[in-house]
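J.:
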Amino acid sequence: MGDWSFLGNILEEVNEHSTVIGRVWLTVLFIFRILILGTAAEFVWGDEQSDYVCNTQQPGCENVCYDEAFPISHIRLWVLQIIFVSTPSLVYVGHAVHHVHMEEKRKEREEGSVRTTKETSTKGSKKFRLEGTLLRTYICHIIFKTLFEVGFVVGQYFLYGFRILPLYKCSRWPCPNTVDCFVSRPTEKTVFIIFMLAVACVSLFLNFVEISHLGLKKIRFVFRKPAPAPAQGEGSRAGVHFAKSSLSRCTNRRPGDKDHAASAQSIVQTETIKETALINENKHP
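Residue numbers (the UniProt record's numbering): 1 to 285.
#1: Pull the bridge partners of Lys-169 from the DSSP assignment, please.
#2: Note the first and the last residue of the continuous alpha helix (DSSP H) segment covering Ile-139.
#3: Assuming Val-179 and Thr-56 form a contact by the criterion Cβ under 8 Å, report the distance between their Cβ atoms to the nearest whole angstrom.
#4: Measuring straight from C-alpha to C-alpha, what distance separates Val-202 and Val-150?
#5: If you count every other CB in all the chains shown that lies within 10 Å of the CB of residue 290, and 16 or more means buried, which is it?
#6: Rounded to whole angstroms, what is the Cα-Cα separation between Val-20 and Trp-78?
#7: Is the Cβ-Cβ distance between Ile-36 and Met-196 less than 9 Å?
#8: Buried or exposed: Phe-152, going by 16 or more other Cβ atoms within 10 Å of its Cβ?
#9: According to DSSP, simplified to helix, strand and coil, what is Cys-61?
#10: Within this structure, are the beta carbons of Tyr-160 and Ala-69 separated by less than 9 Å?
#11: Is the stretch 181 to 194 touching the stretch 45 to 55 in the sense that three or more CB pairs, one from each, lie closer than 8 Å?
#12: Run the CB neighbour count on Arg-136, radius 10 Å, all protein chains shown included, and call it buried at 16 or more, exposed below.
#13: Could you tell me the distance, in whole angstroms, from the CA atom of Val-191 to the CA atom of Phe-43?
#14: When you compare only the Cα positions, how much space is there between Leu-29 and Met-102?
#15: Enumerate, from N- to C-terminal direction, the unbroken alpha helix (DSSP H) stretches of 4 or more residues contained entirely within the stretch 17 to 84.
#16: For Pro-166, which option in Ile-31, Leu-216 and Tyr-66 has the closest C-alpha, if you only look at C-alpha atoms?
#17: In angstroms with no decimal places, state the Cα-to-Cα distance between Arg-33 and Val-91.
#18: Please state whether the Cβ-Cβ distance between Ala-41 and His-74 is less than 9 Å.
#19: Can you grab the Cα-Cα spacing for the pair Arg-23 / Val-93, in whole Å?
#20: Have a look at Gly-38 and Val-64 and give me their C-alpha separation to the nearest angstrom.
#21: Is the separation between the beta-carbon of Ile-164 and that of Lys-145 shorter than 9 Å?
#22: Determine the direct distance from the alpha carbon of Ile-31 to that of Trp-45, and round the result to whole angstroms.
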């Protein structure tokens with residue numbers, strides 16, 4: 001069936017940067033697709049063309065009838081399906097690794113110590129968070145997985161349906177007339193087709209659940225986001241404004257209210273000095 005170790009190693013990296021539902025999807029992919037396809041299904045379809053028999057002696061008739069009945073082997077179609085469905089995950093893990101690398105470089109510039117950066121990056125890798133562009137890439141890779149899954153299921157249905165019939169009637173050239181062709185192990189092959197279809201439906205269900213989970217999580221994050229704190233100098237500016245307004249009211253009074261005007265003016269000066277000191281502290285911490 002071939003060596004799946006390369007794809008397995010890359011998908012293990014995807015497992016480290018996925019949600020819980022994404023890890024379940026990878027388990028379904030490994031156990032119920034790659035493992036079953038490499039062990040049991042290959043032996044069921046191993047003799048498909050050699051045991052495809054037609055009741056004619058016309059040279060080439062069996063070959064053209066087999067090509068008409070099975071434009072592509074089920075095994076090869078499922079292998080292509082696994083590759084296409086896994087490709088968005090490979091693109092996502094490439095972006096995730098790049099994102100982690102850029103975060104490590106940013107921390108290195110901020111902290112100025114390579115040793116400290118390695119320690120913090122090791123701790124941060126255990127608590128991987130999906131946010132920003134990484135979250136958008138993750139959602140896009142789920143959408144593309146879903147589209148590929150649906151495309152292959154629909155393509156399989158239009159190619160040869162979800163059932164293998166034991167008898168296939170063929171009238172393709174160079175057959176002299178309509179001949180009867182017999183498929184080996186039709187019931188067993190039908191069972192495997194239904195099983196692989198069920199696994200595809202489970203994968204689609206997990207994709208929809210994961211998208212819904214990420215959407216609800218994003219909505220909860222938006223509603224729980226705390227309100228922005230007021231600026232440090234905002235309170236002092238309000239005090240200055242209040243003192244100035246008091247001073248203007250006092251200056252518009254009768255000449256006998258000079259004491260009130262003097263006190264208001266001293267308040268304005270005090271608040272102005274406090275605001276200037278606060279601005280200088282913010283500029284030069």
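Yeah, the Cβ is synthetic: ideal placement off N, Cα and C, and Gly gets one too. As the structure is a prediction and not an experimental result, all values here were calculated from the model.
T.: According to the structure data:
#1: Asp-180
#2: 133 to 160
#3: 5 Å
#4: 12 Å
#5: Only positions 1 to 285 of the chain appear in the structure, and residue 290 is not among them; the question remains open.
#6: 25 Å
#7: yes
#8: buried
#9: helix
#10: yes
#11: yes
#12: exposed
#13: 14 Å
#14: 30 Å
#15: 20 to 29 and 61 to 69
#16: Tyr-66
#17: 21 Å
#18: yes
#19: 13 Å
#20: 28 Å
#21: no
#22: 19 Å
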